[in-house]
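As structure tokens, the structure follows; a few thoughts come after it.
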Amino acid sequence: MITSLFDLTGRLALVTGSSRGLGLTLAHGLAEAGADVVLHGRGGPALTEAARAVAESCGRPVGAVTFDVTDAGAVADALSTLVADRGVPDILVNNAGIQRRAPFNEFTTQDWDDVVATNLSSAFYVSRQLTPGMAQRGSGKVINIASVQSMLARQTIAPYSASKGGLVMLTKGMAADLARSGVQVNAISPGYFATEMNRALWTDAAFDAWVTQRTPAQRWGDVSELIGTLVYLASDASSFVSGQNIFVDGGMTSVV
Ligand code: NDP
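Numbered according to this note's numbering, the sequence shown terminates at residue 350, and the numbering increases by one at each position without gaps.
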């Protein structure tokens, strides 16, 4: 059956930044496709509630790990424990991310460091803990959540655009080194999806109108519309796909 190509039954998946927003919906999607999901965040009630909700909807236990993705030592400690307890994940989704908005000349060193560490260095820290085990096993799927801003800049978010452009090139660099070991590394670049991170945008009538007009689909994305592309990249259906960046943006990056 062709649908078995997309079946993730028995695959272990870690989704960073899955206490809410895109990451949580993506974790739901992987669990629905059969994966055993491990959620992640910095801890607190949102993560606990997210794990409970995913477990309830998929009917299987759901794990949760806590660490700050910008702290290389904490990442190493937490993932060593995860691998010892559960084995090397089959699927890693590097999704954790933040946004900071300011005119370019007002960004501080701290802003720059925070954005680059959370959106770009994190994917390096997390991936390097898991891809050696994936390579040893001969299989693994790493999916980095980038953005339309990996290709198109916009006022007030220069550090974010730089971090996402870097994440796409990290995707290609990792694919170059790891594809021969059976580890596939790809990226998804979402357009505009209403989440906590961009509350300032979807609550602004003028910005809302701009997104609607600028997007050929004439609307914001629904977060669930990212699941199909993720399941494809996480499954056997994409067995010869490496180093790609798939835009899920209602056509935004195809037009001026
Ligand atoms: P949210 O703010 O809703 O969620 C961010 C997630 O990242 C939370 O789970 C948060 O966990 C986690 N996180 C943030 N910083 C850290 C950290 N230092 N250590 C560990 N976890 C951290 O954002 P979105 O869901 O909107 O965004 C998710 C990803 O999707 C980001 O990479 C973003 O750039 C990307 N994206 C989003 C788009 C959109 O339209 N929303 C469009 C394009 C890309 P907690 O706070 O619980 O620790």
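We put the beta carbon where it would ideally sit given N, CA and C, even for glycine.
Enclosing beta strand (DSSP E) for residue i [first to last residue]
i, result
"glutamine 278", "277-284"
"aspartate 130", "130-135"
"threonine 160", "157-160"
Rounded straight-line distance, which links the Cα of residue j to that of residue i
i, j, result
"glycine 43", "arginine 293", "Outside the displayed range of the chain (95 to 350) lies residue 43, so it cannot be described from this structure."
"alanine 273", "valine 279", "8 Å"
"glycine 153", "valine 242", "34 Å"
"threonine 212", "alanine 190", "7 Å"
"alanine 270", "alanine 299", "43 Å"
"glutamine 230", "glutamine 312", "45 Å"
"leucine 118", "serine 112", "4 Å"
Other residues of its chain near residue i: CB distance less than 6 Å, five sequence neighbours each side excluded
i, result
"alanine 145", "Leu133, Val156 and Ala158"
"serine 283", "Ala240, Ser241, Val242, Ser244, Asn339 and Phe341"
"leucine 295", "Phe301"
Endpoints, alpha helix (DSSP H) assigned at residue i
i, result
"leucine 118", "115-126"
"isoleucine 321", "321-328"
"leucine 173", "166-180"
"leucine 224", "216-231"
"phenylalanine 341", "Where phenylalanine 341 is concerned, there is no enclosing alpha helix (DSSP H), although the beta strand (DSSP E) it sits in stretches over 339-342."
"leucine 141", "139-152"
8 Å Cβ shell around residue i - same chain, five flanking residues per side excluded
i, result
"alanine 149", "Pro155 and Val156"
"proline 310", "Gly344, Gly345, Met346, Ser348 and Val349"
"serine 151", "His122, Ala125 and Glu126"
Beta-carbon contacts of residue i that lie in its chain and below 7 Å, excluding the five residues immediately before and after
i, result
"glutamate 319", "Val342"
"threonine 250", "Arg195, Ala196 and Pro197"
Burial state of residue i, where buried means 16 or more other Cβ atoms lie within 10 Å
i, result
"methionine 268", "buried"
"glycine 115", "buried"
"tryptophan 304", "exposed"
"aspartate 207", "exposed"
"isoleucine 96", "exposed"
"leucine 99", "exposed"
"threonine 110", "buried"
"arginine 248", "exposed"
Using 8 Å as the cut-off, can you tell me whether the region 171-188 makes contact with the region 217-237, which would need three or more C-beta pairs spanning the two stretches below that distance? Taking 8 Å as the limit for Cβ pairs, the verdict is that the region 217-237 does touch the region 171-188.
Spell out a yes or no on whether the region 255-268 and the region 199-215 are touching, meaning 3 or more CB-CB pairs, one atom from each, closer than 8 Å. Output reads yes: the region 199-215 touches the region 255-268.
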